[in-house]
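Below: the structure, in structure tokens.
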Amino acid sequence: MSTKELKVAALRNGTVIDHIPADKLYKVVSILHLEICEHQITIGNNLDSAKVGKKGIIKISDRAFEEYETNKIALIAPNAKINIIRDFVVVEKRPLSLPDEIREIVQCTNPVCITNNQPVTTRFHVLKLEDGIVLKCHYCEREVNRDKVKIK
Amino acid sequence: MSNNSLVSIADYSKEEILSILDSAANFEVNPNRKTLDGKVIATLFFEPSTRTRLSFETAVVRLGGSIIGFSDAATSSSSKGETLNDTIHMVSCYADAIVMRHPLEGASRYAAEVSPVPIINAGDGANQHPSQTLLDLYSIQKTQGTLENLTICLVGDLKYGRTVHSLIMAMSHFHPTFKFIAHDELKMPDEYKVFCMKNNIPFTEVTELNDNFNDADILYMTRVQKERFLDLIEYERVKNVYTLKNEMLANSKSNLRILHPLPRVNEIDPDVDCNEKAYYFKQAQNGLYIRQAILSKVLNLNL
Ligand SMILES: [Zn+2]
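Chains as they are written, first to last, in my numbering: chain G, -18 to 133; chain V, 381 to 683.
Right, dumping it as structure tokens:
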């Protein structure tokens, strides 16, 4: 184990989310609802990273995430790395794949969309186009580029 | 939810569109039938649209159905803060189908999800208004004898005009050629041009009306609204450039017909009205037959 990996305390069992761009770290926290998670959580941010400049890392003890949960991360930090740890060993490197549909976490950019004016859960279709990824609101049909997405 | 709802023209396949048009042609022959006898249709207009509401209500009455509802939000329970979800559930206790117009975009898709009875979208903000698109298609087919291989000129507000956007989508099944005529501030958004390119639909763009429609089969005029212009001096300068006058039609094709979703402001000079190529009033009347066909389809009525 290199000294770099030791900057944040080692984890016995749980999930490590690494290589999160520093400015996306707290959005990942919010997407996974970690603010209400009762397990031990270690968060590091603005760590030096050759890959993403400044990076963030989150370690959650004794908790496994479903794929639909970790896939939400793909929306804002597609290059983040998810490692599942058991007895200090990485037992699974989980690839991130963007789901075809995203519920709840994204806010529609259209101020006159029904979802911004009534208690309606947001729902977006993920369109993988040649020139990038676009989210289309299921209700008002407004499209927004992935990099302009508003996370609730 | 009821799968029979009509929210967007994209909900209908080419075959479904053609079958609605056939059904409308039957209603045009005999619009007075009793197929909705004993049925109650709700018309919920959360924003006023007298033209669309009267058309739907006439369609219901001529089919022998009854109507409940409201014609603007001030008289509805939503003015007391009731959610759309609650209004829809309440009304669906009484009605067999709901025709709804709402100022919020996506309201109709949402209503269709929560409603136990079919929803017919009569306009949700600037989003969708499928009965308008279907009556446009009906008018095109009726005047040209076909929907295939036509040259269609779209004029006016091509940037915000939902009717022209929906028309492009719906006509994409029928090998059209488009000509977009609009001021730079109101030109066709890129996403619809990309849609045309992807579907091998040829189109050209020009900024002057003049007689640029001489090769067209359909001249589809839309309202140019003052509010759409950032520069009001520019509006004053161009508003008459897009006004169609009778003499401009001198060299147009004999089968050309002029459509407009109405109401018009000054896009079409009244001197065009008596030209046989003017079809916009008949187009509005076609809305009745289309709406009878839509009501019959969503309620699975045998004709
Ligand atoms: Zn929306």
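Glycine is no exception: its CB is placed at the ideal position from the N, C-alpha and C atoms.
Asked	Found
Within the 8 angstroms Cβ cut-off, does residue 14(G) reach chain V?	no
Give me the pocket residues for ligand 1, defined as CB within less than 6 angstroms of any heavy atom, sorted by chain position.	89(G), 91(G), 94(G), 96(G), 118(G), 120(G), 121(G), 123(G) and 486(V)
Is the segment 407 to 422 of chain V close to the segment 476 to 486 of chain V, with three or more CB pairs under 8 angstroms?	yes
Between which residues of its own chain and residue 21(G) is the CB-CB distance below 7 angstroms, once the five residues before and five after are set aside?	42
Who are the neighbours of residue 503(V) on chain G, taking C-beta pairs under 7 angstroms?	Near residue 503(V) there are no residues of chain G at all, since even the closest Cβ is about 13 angstroms away, more than 7 angstroms.
Can you tell me which of the three DSSP states residue 29(G) falls into?	strand
Measure the alpha-carbon distance for residue 659(V) versus residue 416(V) and round it to whole angstroms.	30 angstroms
Is there at least one Cβ from chain V nearer than 8 angstroms to residue 57(G)'s Cβ?	no
Between residue 494(V) and residue 465(V), is the Cβ-Cβ spacing less than 8 angstroms?	yes
For residue 17(G), would you say it is in contact with chain V, using Cβ-to-Cβ distances shorter than 8 angstroms as the test?	no
Run through the DSSP bridge pairs and tell me what residue 88(G) is partnered with.	131(G)
If you run the structure through DSSP and keep just helix, strand and coil, what is residue 601(V)?	strand
Determine the direct distance from the alpha carbon of residue 462(V) to that of residue 449(V), and round the result to whole angstroms.	15 angstroms
What does the alpha-carbon distance come out to for the pair residue -7(G) and residue 489(V)?	47 angstroms
Ligand 3 and residue 510(V): does the residue's C-beta get closer than 7 angstroms to at least one heavy atom of that ligand?	Absence of ligand 3 is noted for the structure shown, with ligand 1 being the only ligands found.
Taking the alpha helix (DSSP H) that residue 543(V) falls in, what are its first and last residues?	542 to 551
Determine whether the Cβ of residue 139(G) lies closer than 8 angstroms to any Cβ atom of chain V.	The first residue shown for chain G is -18 and the last is 133, placing residue 139(G) beyond what the model contains.
Classify residue 78(G): buried if its beta carbon has 16 or more other beta carbons within 10 angstroms, exposed otherwise.	exposed
Measuring straight from C-alpha to C-alpha, what distance separates residue 554(V) and residue 656(V)?	25 angstroms
If you run the structure through DSSP and keep just helix, strand and coil, what is residue -12(G)?	Low confidence applies to residue -12(G): its pLDDT is 47, below 50, so where it sits in the model is not reliable enough to give any reading.
Restricting to Cα atoms, I'd like to know which of 441(V), 433(V), 386(V) and 586(V) is closest to residue 413(V).	441(V)
Tell me, which residues are paired with residue -4(G) by DSSP?	41(G) and 65(G)
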